[in-house]
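Protein chains in written order, with my numbering: chain B, 1 to 233; chain P, 1001 to 1233. Ideal Cβ placement from N, Cα and C applies to all residues, glycine included. All remarks here apply to the structure that follows.
Protein chains: 2
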Amino acid sequence: MSNENIFYPHVSVDCVVFGFDGEKLKVILIERTINEQNELYNDKKLPGSLIFNEEDLDVSANRVLTELTGLKNIYLSQFRTFGSPDRTKNPRDVLWLENTTKLKIGRIITTGYVAMVKIDRKLQFNSDTTTAKWHDVAEVAKMSLAFDHNEIIQWGLKHIRNQVEIQPHLLFELLPTKFTISQLRTLYDVINQVKSDVRNFQKKVAQMPYVVALDELEKGVPHRAARLYRYKK
Amino acid sequence: MSNENIFYPHVSVDCVVFGFDGEKLKVILIERTINEQNELYNDKKLPGSLIFNEEDLDVSANRVLTELTGLKNIYLSQFRTFGSPDRTKNPRDVLWLENTTKLKIGRIITTGYVAMVKIDRKLQFNSDTTTAKWHDVAEVAKMSLAFDHNEIIQWGLKHIRNQVEIQPHLLFELLPTKFTISQLRTLYDVINQVKSDVRNFQKKVAQMPYVVALDELEKGVPHRAARLYRYKK
DNA sequence: GCAAAAGTGTTTCTACTACACCCATGG
DNA sequence: CCATGGGTGTAGTAGAAACACTTTTGC
């Protein structure tokens, strides 16, 4: 093995955090401002950062997510590592990296993590320069994000679609504690890219022992109020 | 962001190559010899190595697999990255790394790839010190491999189980060009950890347009010869 | 002729699909 | 009173599971 070919890349984690607003799938992005020849340029990126020495990847993902969004105790699941040498070749990204890290960055290999959280959780920031916000996943797909973050989000989506198929319980991570069957159905349809039949879906839910009906109805809707349910164990 | 915490780990790839001998699931391992205080110690590891500068992860996995096993043009699929700081803490592994790489190794983050190949492909080596051999996956689980390679294999197994469920066509990567339905069923059962009913399985295969019967029977078996089939597109 | 694996049909049960109308509420 | 979404049952179909005996071949 010839040593001159061995490289020491940087390693980072990126978190793709999904939410659901009752209608559409959302993802958390961080605002990024780049000073390019005294022109300020704004765009968005995933919450992510370089890992620390002696820090496990999973631990790093949790730390970074908390630092950049304020979210704590989130279950993050690793889905893929992105290692193309081209992913840090865009001059704008290189500039931003050098400004924020004060390091000479050659190459970054990043590991993607997904999380599914209730959208009503407050996003907080530990620095004034960081702003984390929810964005429509569909809108984001049309935007140009930092690095290869568009691609990372698509892989993340693919991952949660697979995960939800194996563990339907994960859907409830995205719903409020009390939810209607319509909300559950809309979420199910958005994730699986289908259009479920209302009656068949009711039957399906009725057979889920872990979805229990409450003696409580929606309030303030301009139509018949729907019954509320919650997820139990 | 404080720079003193930023680390430059090494990055490697490890390939979990599965095969099937008609009865059991197999995996390729490389013999490793460690000179510990003039005592030679032998154990086994996955084919894997550090990536090169400006080399994409996928490309690296292919290069490493060819270098260590002689296998070319294999479809490798990334499944997970292993980044625990403890994975390179075993003194025996550290010793081996320093002897073979001539580098001072602190930490290695490795990305796992799986492949499924026909077991009759010849394994060749580009150096006398490297020996790649097929091993029973079940036997390997009881052995103590280098680094966290036992764990990597388990994740790889999990990955191919998921993959095969989504794309049953992948099963044929593991079978010889001509195979019997028994072989296909045994493979199916090994991968999915089930025991299929013989008649139901025949029906299932009959409904697979991509499995075509040949006018040819097995030879040299001490019982009624089975019809041969092949996978078509 | 016997050991060993190949091959073959029917019935049952379950899960998914399609489909239309009345109900409750707010404005 | 009307617009909006909530809630309900039945019939048909397709796929999975259970189950036992006869056939072919080598030795």
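So, helix, strand or coil for T101 of chain B, using DSSP?
For this step, residue 101 of chain B is matched to residue 101 along the first sequence. Three-state result, T101 of chain B: helix.
What are the boundary residues of the beta strand (DSSP E) that L1029 of chain P is part of?
On the second sequence, residue 1029 of chain P is found 29 positions in, with the first residue counted as 1. Element bounds for L1029 of chain P: 1025-1036.
Under 9 Å by beta carbon: chain P residues contacting L234 of chain B
There is no way to answer for residue 234 of chain B, as the model of chain B reaches only from 1 to 233.
Taking a contact to mean a Cβ-Cβ separation below 8 Å, would you say I235 of chain B touches Q202 of chain B in this structure?
Any property of residue 235 of chain B remains undetermined from this structure, which presents chain B solely from 1 to 233.
Are the beta-carbon atoms belonging to I51 of chain B and A132 of chain B less than 8 Å from one another?
For this step, residue 51 of chain B is matched to residue 51 along the first sequence. For this step, residue 132 of chain B is matched to residue 132 along the first sequence. Contact flag unset, no.
Got a sec? Which residues, its chain only, sit under 6 Å from T66 of chain B by beta carbon, not counting five neighbours each side?
Counted from its first residue, the first sequence places residue 66 of chain B at position 66. The residues are K72.
H135 of chain B (DSSP reduced to helix, strand or coil):
Along the first sequence, read from residue 1 onward, the residue named residue 135 of chain B stands at position 135. Three-state DSSP puts H135 of chain B in a strand.
Against chain B, does P1168 of chain P count as a neighbour if the rule is that its beta carbon must be under 8 Å from one of theirs?
Mapped onto the second sequence, residue 1168 of chain P falls at position 168. No - not a single Cβ of chain B is within 8 Å of the one on P1168 of chain P.
Neighbour-count burial assignment, H1010 of chain P, 16 or more Cβ in a 10 Å radius
On the second sequence, position 10 is the one that residue 1010 of chain P refers to. Classification for H1010 of chain P: buried.
Kindly list, in the order they appear in chain P, the residues whose Cβ is closer than 7 Å to that of S54 of chain B.
Here the question's residue 54 of chain B lines up with position 54 in the first sequence. Looking at the sequence itself, residue 54 of chain B is Glu, so the reference to Ser does not match. P1085, listed in chain order.
Buried or exposed by the 16-neighbour rule on C-beta atoms within 10 Å, applied to G1022 of chain P:
Numbered from 1 along the second sequence, position 22 holds the residue referred to as residue 1022 of chain P. Exposed, since its Cβ has fewer than 16 Cβ neighbours within 10 Å.
In chain B, which residues lie with their C-beta within 7 Å of the C-beta of Q1078 of chain P?
For the purposes of this step, residue 1078 of chain P is identified with residue 78 of the second sequence, where counting begins at 1. The answer, in chain order, is R80, T81.
Mind checking which residues open and close the beta strand (DSSP E) that includes L1050 of chain P?
In the second sequence, the residue the question calls residue 1050 of chain P occupies position 50. 1048-1050 is the span of the beta strand (DSSP E), which, as asked, contains L1050 of chain P.
Inspect the beta-carbon positions of Y1188 of chain P and V1212 of chain P and report whether they are closer than 8 Å.
Walking along the second sequence from the start, residue 1188 of chain P turns up at place 188. Walking along the second sequence from the start, residue 1212 of chain P turns up at place 212. No, Cβ-Cβ distance for Y1188 of chain P and V1212 of chain P is not below 8 Å.
Exposed unless 16 or more other CB atoms sit within 10 angstroms - verdict on R1224 of chain P:
Mapped onto the second sequence, residue 1224 of chain P falls at position 224. The residue is exposed, with fewer than 16 neighbouring Cβ atoms inside 10 Å.
So what's Q154 of chain B in DSSP terms, helix, strand or just coil?
Along the first sequence, one-based indexing puts residue 154 of chain B at 154. Of the three classes helix, strand and coil, the one that applies to Q154 of chain B here is helix, per DSSP.
Through-space distance from D58 of chain B to G48 of chain B, alpha-carbon basis
Locating residue 48 of chain B in the first sequence gives position 48, counting from the first residue. Locating residue 58 of chain B in the first sequence gives position 58, counting from the first residue. Their backbone Cα atoms lie some 12 Å apart in a straight line.
Going by C-alpha distance, which of B:K45, B:G112, B:T110 is nearest L145 of chain B?
What you label residue 145 of chain B is simply residue 145 of the first sequence in a count that begins at 1. Ranking the options by Cα distance to L145 of chain B, first place goes to B:K45.
Just to confirm my understanding: we take Y41 of chain B, look at its own chain, exclude 5 residues before and 5 after, and list those with CB closer than 6 Å. What are they?
Start at 1 with the first residue of the first sequence, and residue 41 of chain B comes out as number 41. If we look at Y41 of chain B and ignore the five residues flanking it on each side, its Cβ neighbours are I34.
Does H1223 of chain P come out as helix, strand or coil in the three-state DSSP assignment?
As a working mapping, residue 1223 of chain P is identified with position 223 in the second sequence. In this structure, H1223 of chain P counts as coil in the three-state DSSP scheme.
Is the stretch 91-98 of chain B in contact with the stretch 116-123 of chain B, if contact means three or more CB pairs nearer than 8 Å?
no
Where the beta strand (DSSP E) through F296 of chain B begins and ends
Residue 296 of chain B is absent from the model: chain B starts at 1 and stops at 233.
Specify the secondary structure class of F20 of chain B as computed by DSSP and reduced to three states.
Locating residue 20 of chain B in the first sequence gives position 20, counting from the first residue. Here F20 of chain B sits in strand by DSSP.
Going by the beta-carbon positions, is the gap between F1079 of chain P and V1114 of chain P smaller than 8 Å?
Within the second sequence, residue 1079 of chain P is the residue found at index 79, counting from 1. Within the second sequence, residue 1114 of chain P is the residue found at index 114, counting from 1. Yes, Cβ-Cβ distance for F1079 of chain P and V1114 of chain P is below 8 Å.
Between the beta-carbon of T1111 of chain P and the beta-carbon of G83 of chain B, is there less than 8 Å?
One-based indexing of the second sequence puts residue 1111 of chain P at position 111. One-based indexing of the first sequence puts residue 83 of chain B at position 83. A contact, by the Cβ cut-off of 8 Å.
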